[in-house]
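So the mapping is simple: this note's numbering equals the position in the sequence shown, first residue as 1, plus 16.
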Amino acid sequence: MDDNCRGILGTYYVVLPGAEVFEFDSLCASMRARSLADVHPHGFEVRPAGDVRKERLRASSAAEATKWIDFLNSQARQHRGGHLSLHTGGWRLLSSSWERLYCVCQRPG
């Protein structure tokens, strides 16, 4: 929000279905996350499905970090959405263009 609470300055989304969440000191975390573990002991990494940017976050306590990790992992296991590719034109290998979209299925009503 801006200073007057009238507008959103920016929004960033992390796609959770299929994501993996690791504490910084996990052997499954990236090298960069593991290098931050000593300085930020309550940090964790969210690795979205696919080859996209990993996000690194930190909590103010171990208990808070555990709550966030558990919540994010539970959301990541709920496969209510996913990626689809929309063909936007062209048919040859080099001229064919696809747009990757994130889609969510929602029950009517």
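Glycine is no exception: its CB is placed at the ideal position from the N, C-alpha and C atoms.
Model, not experiment: these values are computed from the prediction.
Continuous beta strand (DSSP E) stretch holding residue i: start and end
i	result
residue 38	36-39
residue 73	71-74
Start and end residues, alpha helix (DSSP H) containing residue i
i	result
residue 50	47-52
residue 32	Careful: residue 32 lies outside any alpha helix (DSSP H) and carries neither H nor E.
residue 90	78-92
Of the residues the options, the one placed nearest residue i, counting alpha carbons only
i	options	result
residue 51	36, 72, 89 and 37	72
residue 33	48, 66 and 56	66
residue 45	64, 91 and 77	64
residue 76	56, 40, 39 and 70	56
Residues bridged to residue i [DSSP beta-bridge criterion]
i	result
residue 62	37 and 71
*If we count Cβ pairs, one from each stretch, closer than 8 angstroms, do we get three or more for the segment 77-91 versus the segment 44-60?*
yes
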